[in-house]
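Structure first, commentary second.
Protein chains: 2
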Amino acid sequence: MSQPQDSSDSLRADKPADEPSDEPRRRSGRKNAGGITLRDVAQLAGVAPITASRALNTPAAVSPKVLQKVKDAVERTGYVPNLLAGGLASNKSRLVAVVVPTVIGPVFQEIVHTLTETLAAAGYQVMLGQTGYENSREDALLEAIIGRRPDGVVLTGIMRSQQARKRLLSSGIPVVETWDLTPTPIDMLVGFSHENIGREVARYLHGKGRRAAAVLGGKDERSQRRMLAFAQEAAALGMTVDGAQVPMHGVSAPTTLGQGRKGLADLLQQQPNIDALFCSSDLLALGVTIEAQSRGIGIPGQLAVVGFGDLEFSRDLEPRLTSVRIDGTAIGQRAARFIIDRAAGLEIAEPIVDVGFSIVVRDSA
Amino acid sequence: MSQPQDSSDSLRADKPADEPSDEPRRRSGRKNAGGITLRDVAQLAGVAPITASRALNTPAAVSPKVLQKVKDAVERTGYVPNLLAGGLASNKSRLVAVVVPTVIGPVFQEIVHTLTETLAAAGYQVMLGQTGYENSREDALLEAIIGRRPDGVVLTGIMRSQQARKRLLSSGIPVVETWDLTPTPIDMLVGFSHENIGREVARYLHGKGRRAAAVLGGKDERSQRRMLAFAQEAAALGMTVDGAQVPMHGVSAPTTLGQGRKGLADLLQQQPNIDALFCSSDLLALGVTIEAQSRGIGIPGQLAVVGFGDLEFSRDLEPRLTSVRIDGTAIGQRAARFIIDRAAGLEIAEPIVDVGFSIVVRDSA
DNA sequence: CTGAAAGCGCTAACAA
DNA sequence: TTGTTAGCGCTTTCAG
Numbered sequence: 001m002s003q004p005q006d007s008s009d010s011l012r013a014d015k016p017a018d019e020p021s022d023e024p025r026r027r028s029g030r031k032n033a034g035g036i037t038l039r040d041v042a043q044l045a046g047v048a049p050i051t052a053s054r055a056l057n058t059p060a061a062v063s064p065k066v067l068q069k070v071k072d073a074v075e076r077t078g079y080v081p082n083l084l085a086g087g088l089a090s091n092k093s094r095l096v097a098v099v100v101p102t103v104i105g106p107v108f109q110e111i112v113h114t115l116t117e118t119l120a121a122a123g124y125q126v127m128l129g130q131t132g133y134e135n136s137r138e139d140a141l142l143e144a145i146i147g148r149r150p151d152g153v154v155l156t157g158i159m160r161s162q163q164a165r166k167r168l169l170s171s172g173i174p175v176v177e178t179w180d181l182t183p184t185p186i187d188m189l190v191g192f193s194h195e196n197i198g199r200e201v202a203r204y205l206h207g208k209g210r211r212a213a214a215v216l217g218g219k220d221e222r223s224q225r226r227m228l229a230f231a232q233e234a235a236a237l238g239m240t241v242d243g244a245q246v247p248m249h250g251v252s253a254p255t256t257l258g259q260g261r262k263g264l265a266d267l268l269q270q271q272p273n274i275d276a277l278f279c280s281s282d283l284l285a286l287g288v289t290i291e292a293q294s295r296g297i298g299i300p301g302q303l304a305v306v307g308f309g310d311l312e313f314s315r316d317l318e319p320r321l322t323s324v325r326i327d328g329t330a331i332g333q334r335a336a337r338f339i340i341d342r343a344a345g346l347e348i349a350e351p352i353v354d355v356g357f358s359i360v361v362r363d364s365a
Numbered sequence: 001m002s003q004p005q006d007s008s009d010s011l012r013a014d015k016p017a018d019e020p021s022d023e024p025r026r027r028s029g030r031k032n033a034g035g036i037t038l039r040d041v042a043q044l045a046g047v048a049p050i051t052a053s054r055a056l057n058t059p060a061a062v063s064p065k066v067l068q069k070v071k072d073a074v075e076r077t078g079y080v081p082n083l084l085a086g087g088l089a090s091n092k093s094r095l096v097a098v099v100v101p102t103v104i105g106p107v108f109q110e111i112v113h114t115l116t117e118t119l120a121a122a123g124y125q126v127m128l129g130q131t132g133y134e135n136s137r138e139d140a141l142l143e144a145i146i147g148r149r150p151d152g153v154v155l156t157g158i159m160r161s162q163q164a165r166k167r168l169l170s171s172g173i174p175v176v177e178t179w180d181l182t183p184t185p186i187d188m189l190v191g192f193s194h195e196n197i198g199r200e201v202a203r204y205l206h207g208k209g210r211r212a213a214a215v216l217g218g219k220d221e222r223s224q225r226r227m228l229a230f231a232q233e234a235a236a237l238g239m240t241v242d243g244a245q246v247p248m249h250g251v252s253a254p255t256t257l258g259q260g261r262k263g264l265a266d267l268l269q270q271q272p273n274i275d276a277l278f279c280s281s282d283l284l285a286l287g288v289t290i291e292a293q294s295r296g297i298g299i300p301g302q303l304a305v306v307g308f309g310d311l312e313f314s315r316d317l318e319p320r321l322t323s324v325r326i327d328g329t330a331i332g333q334r335a336a337r338f339i340i341d342r343a344a345g346l347e348i349a350e351p352i353v354d355v356g357f358s359i360v361v362r363d364s365a
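Order-wise, the sequence lines are chains C and W. First residue of the first sequence: 1, per full-length UniProt numbering; consecutive thereafter. First residue of the second sequence: 1, per full-length UniProt numbering; consecutive thereafter.
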C-alpha cells in the first residue's frame with residue numbers, strides 16, 4: 001500500500017523540527033490508529049500539544065487561525081484522540097455502564113436502545129453488563145465496571161446484594177436505578193410502581209364486571225409484586241382469585257409464549273370458571289390467547305386478558321391485546337439526562353422520578 | 001481509622017528537598033473509589049507499586065508471602081484497579097466494541113447476549129454501538145469506538161461505508177464481521193450465506209409439492225438477498241413467484257407482526273393462488289398466520305409458511321412455525337474467541353467461519 | 001523474585 | 001490566547 005504522506009508536508013512551513021534529537025526509549029506494540037498522537041498533530045500544526053487539545057475540545061478558546069491549522073493536521077494524519085488517555089488525565093471517562101439482567105427478551109430492549117442512542121449523541125459510550133438475575137455475578141461485574149471509572153451507572157431491575165449497593169455508593173459514581181420505585185435508592189431513580197399496576201389492573205377488570213380473577217406470572221421479584229398487589233386488590237373488591245406461577249427455565253430467562261399456553265391450561269384445571277386474567281408479560285398473554293383459541297375459549301367474551309409490556313406486536317394480535325404500557329424510552333431518556341447533568345456538575349433538583357404507566361385498552365379486555 | 005503514615009513517606013525518602021513542605025500539587029476531583037491507588041496498596045503492604053501490580057496481575061510471579069500481604073492490603077482498602085490507567089500503560093483496554101443496527105427486535109439479541117457474557121468471563125467489557133441501519137451515524141460511532149482503543153470490534157450486519165471499513169482496517173484493531181459471508185472481509189468473519197438460505201427454502205417448499213411461491217420481507221440488504229435467491233431458485237424449479245416488500249417504518253426498525261398481516265393481505269390481492277410463503281422474519285410469519293386465520297386460510301393446508309430466525313416462541317405457535325434457524329450463540333462464541341485469541345497474540349488459522357443454518361421443520365410447512 | 005526509572009497520551013493548573 | 005510543567009494510575013523495560 002503506497003502511503004504518499006511521507007515528506008510532502010506542504011503545511012508545516014515554519015518549524016522544521018525533523019531533528020530526531022535524543023530519542024527516548026519508546027515502548028513497544030502500539031495499536032494506536034497509526035501511532036499518531038496529539039503531539040504529532042500539534043507538531044504538524046506548529047503549536048503546543050495543549051493548544052491542539054484545546055482546538056479539539058474547546059474550539060472557542062482558540063484563535064480561528066490555529067483552529068484551522070490543527071484541523072488540517074488532524075485531517076492529514078487521520079488522528080483519532082485516545083479517549084483512554086484523555087479520561088485518565090481529566091478523570092472523565094465518558095463511559096456509562098448499563099446493567100440489565102439480560103438483553104434477551106423484549107423487556108429491557110427499549111431502555112438499552114434509548115440509553116445507547118441518547119448517550120452516544122452526548123459523546124458517551126455505553127458499556128453493557130448482564131447479571132443474569134443472579135447475585136453471584138453481580139460482584140465480579142461490579143468490579144469490572146468500577147474499574148473502568150464510568151461517569152455513570154444505570155441499573156435496570158437488579159443489584160439486590162446489599163454489599164454491591166454499598167460498593168457502588170462508596171465509589172462515588174453517579175447511579176441511576178430504573179424499572180422500580182425503591183424506597184431507598186442508592187442515588188437517582190427513574191421508575192414506576194409495580195404495586196400500583198397490579199391494583200389498577202384489578203380495578204379495571206372489576207370495573208368491567210369480571211368477578212373470577214386469575215394471575216399468571218414469572219417468579220422474578222417485580223413480577224411477583226405486581227401479581228400480589230393484583231390479587232390483594234381483586235380480593236378486596238370481592239373477586240375470587242386464582243394464580244399460577246410460571247416455571248422459569250433458567251433464572252435469567254424471560255417469560256415465554258409456551259409458558260403462557262401451559263399456564264392457562266394449569267389455571268383452567270385449577271379453576272375452570274375464571275373470567276379475567278392478568279399476565280405478567282405480553283408474551284405470556286399471547287400464549288394464553290393461542291391456548292384459549294385452540295380450546296374454543298372466547299376472548300374477551302369468556303375470558304378477559306391483560307398483558308404487561310405493551311410489546312410492539314400486541315396491537316396487531318387477534319384479538320388486539322389490552323396491556324400495561326411502560327414508557328421505556330422516557331425512562332431511558334430521563335436516566336441519560338440524569339447522568340449527563342451530573343457529569344456537567346449540575347445539581348439534580350428531583351432525583352426520583354415516577355414515570356408511571358398506562359393501561360392500553362384494546363379488545364382482549 | 002488510624003493511619004500511621006504521617007507524611008513520613010517511608011518508601012521514597014531518599015531525596016530530601018531543601019524545603020520541607022515539598023508536597024507536589026495534586027489534581028482535583030477524584031472519582032477514584034475512595035481515591036485509593038495501587039501506590040496506597042503497595043505502601044500498606046510494604047512493597048513497591050510494581051510488585052503490588054504483579055501480585056494482582058501475575059500472582060505466580062511473586063512470593064506467597066508478598067501475595068498475601070498485597071491481598072490483605074487490597075481487602076482492607078477496598079482498592080479497585082483503574083483499568084483506564086492500566087489500559088493506557090499496557091496498550092490493552094480489555095474493551096470490545098459490539099456494533100449492531102439496533103438492539104430493538106429479536107434479531108441480534110442472542111449474539112449480543114452471548115458476546116457480552118463470553119467476553120465478560122474473559123475479563124472484557126462490551127461497549128455497545130448502534131448504527132441505526134443508516135450510514136450517517138457510522139462515522140461518528142467509529143470515531144468514538146476507535147478513540148477508546150478497544151481490543152476488538154464485532155460488526156453485526158453493518159458497516160457498509162467503504163471509508164469506514166478502511167478506517168477500521170488502518171486502526172489495526174481486530175475486527176470480526178458477522179451475520180453474513182462477505183467476499184472480502186476486513187479481517188475475520190463469522191457468518192452464513194443468505195443466498196443459500198433462500199435457495200434451500202425454495203427447494204424445501206418445492207419438495208413439498210408447492211408450486212405457487214411468494215416472498216415477504218423487509219428492505220434491508222440481507223433480507224433482500226435471501227428473497228432474491230429464493231425467487232430465483234423457485235423460478236428455476238418451475239414455480240410461479242410473487243413477492244411483496246414490507247414497508248419499513250423508519251429504516252432502523254425491524255419487521256413487525258402488523259406488517260406480516262398487511263403483507264399477506266397485499267400478496268393475496270396480487271395473487272390469490274399462492275400456496276407457499278417465505279417470510280424474512282418469524283414476526284412477519286406470525287402476522288401472516290394471524291391474518292390467514294382471520295381469513296379462514298388453512299396453514300399449512302392452503303398455504304405453507306416458513307419464517308426466519310426461529311424465535312423462541314415459534315415452536316409454540318398454532319400451527320407450530322417452520323423456520324430457518326441461525327445459531328446466534330455459536331456466532332457470538334466464535335466471534336468472542338477470535339478476539340480473545342487475537343489479544344493473546346495467537347495466530348488465527350482459519351479467520352473465516354461459515355456457521356451455516358438449518359431449516360427447523362414444524363407444522364406450518 | 002523484586003525494584004527504580006521512564007513513560008503510555010492526554011489535560012489541569014499555572015504562568016506569560 | 002498560548003505555552004510550560006506536572007502529573008492522572010498503571011505497566012514496561014532494564015537492573016539488581
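Beta carbons are placed, not taken as given, at the ideal position from N, Cα and C, and that holds for glycine.
- Chain C has no Cβ within less than 8 Å of the Cβ of Ala-45 (chain W).
- Sequence-distant partners of Val-62 (chain W) (beyond 5 residues in either direction) whose C-beta falls short of 6 Å from its own C-beta, in its chain, are Arg-54 and Ala-55.
- For a cut-off of 8 Å, the C-beta gap from Ile-145 (chain W) to Gly-129 (chain W) is around 6 Å, short enough to register as a contact.
- Taken in chain order, the whole alpha helix (DSSP H) runs of length 4 or more contained in the stretch 216–264 of chain C are 221–236.
- Rounded to the nearest whole angstrom, the CA to CA distance from Arg-210 (chain W) to Val-107 (chain C) is 39 Å.
- Just measuring C-alpha positions, the residue of C:Asp-242, C:Ile-50, C:Asn-57 and C:Leu-237 sitting nearest Asp-275 (chain C) is C:Asp-242.
- Of all residues in the stretch 145–166 of chain C, those with a C-beta nearer than 7 Å to a C-beta of chain W are Ile-146, Gly-147, Arg-148 and Arg-149, reading in chain order.
- Chain order gives the chain W residues near Arg-261 (chain C) as Asp-316 and Glu-318, where near means a beta carbon separation below 9 Å.
- Inclusion of Gly-332 (chain W) and Ile-186 (chain W) in the CB contact set at 8 Å is not warranted, their separation being larger than that value.
- Taking 8 Å as the threshold, the shortest C-beta distance from Gly-287 (chain W) to chain C falls below it.
- If you draw a straight line from the Cα of Leu-155 (chain C) to the Cα of His-113 (chain W), it comes to about 17 Å.
- Close CB contacts of Val-306 (chain W) within its chain, under the 6 Å cut and outside five residues either way in sequence, are with Val-201, Phe-278, Thr-322 and Ala-365 (chain order).
- Residue-level contact check: Gly-87 (chain W) touches chain C, since one or more beta carbons of chain C fall below 8 Å from its beta carbon.
- Listed along chain W, the residues sitting closer than 7 Å to Val-112 (chain C) by beta-carbon distance are Val-103.
- For Gln-269 (chain C) and Ser-314 (chain C), the gap between their C-alpha atoms comes out near 27 Å.
- As the crow flies, the alpha-carbon of Thr-178 (chain C) is around 16 Å from that of Val-126 (chain C).
- Sequence-distant partners of Ser-93 (chain W) (beyond 5 residues in either direction) whose C-beta falls short of 7 Å from its own C-beta, in its chain, are Gly-87, Arg-148, Arg-149, Pro-150 and Asp-151.
- Burial is judged here by how many other beta carbons sit within 10 angstroms of a residue's own beta carbon; Pro-183 (chain C) has fewer than 16 and is exposed.
- Note that the C-beta distance between Gly-258 (chain W) and Asp-282 (chain W) is not below 8 Å.
- Annotated three-state conformation of Leu-286 (chain W) is helix, per DSSP.
- For Val-126 (chain C), the neighbours in chain W by C-beta distance under 7 Å run, in chain order, Met-127 and Leu-128.
- Taking 8 Å as the cut-off, the beta carbon of Pro-49 (chain W) is found no closer than this to the beta carbon of Ala-60 (chain W).
- Taking C-beta atoms as the reference points, Asp-180 (chain C) and Arg-222 (chain C) count as a pair closer than 8 Å.
- Neighbours of Gly-356 (chain W) in chain C, taken as residues at a C-beta separation under 9 Å, are lacking, since the least C-beta distance is about 22 Å.
- Gly-191 (chain W) is positioned such that its CB atom lies no closer than 8 Å to that of Val-100 (chain W).
- For Thr-131 (chain C), no alpha helix (DSSP H) run applies, since DSSP gives it neither H nor E.
- If only complete runs of 4 or more residues are kept, the stretch 265–339 of chain C shows the alpha helix (DSSP H) at 282–295, in order along the chain.
- Nearest CB-CB separation between Ala-336 (chain C) and chain W: not below the 8 Å threshold.
- Ser-294 (chain C) belongs to the set of residues whose beta carbon lies under 8 Å from a beta carbon in chain W.
- Scanning chain W for C-beta atoms nearer than 8 Å to the C-beta of Gln-333 (chain C) yields nothing, as the closest lies near 15 Å away.
- Close partners of Gln-109 (chain C) in chain W (Cβ separation under 7 Å): Val-103 and Ile-104.
- For Ala-120 (chain C), the nearest CB of chain W lies under 8 Å from its own CB, placing it at the interface with that chain.
- Residue pairing by DSSP puts Gly-191 (chain C) in a beta bridge opposite C:Asp-354.
- Contact of Ile-290 (chain C) with chain W by beta-carbon distance below 8 Å involves Asp-316, Leu-317 and Glu-318.
- Going by beta carbons, His-206 (chain W) and Ala-234 (chain W) fall inside the 8 Å limit.
- Val-215 (chain W) and Asp-327 (chain W) have their alpha carbons spaced roughly 23 Å apart.
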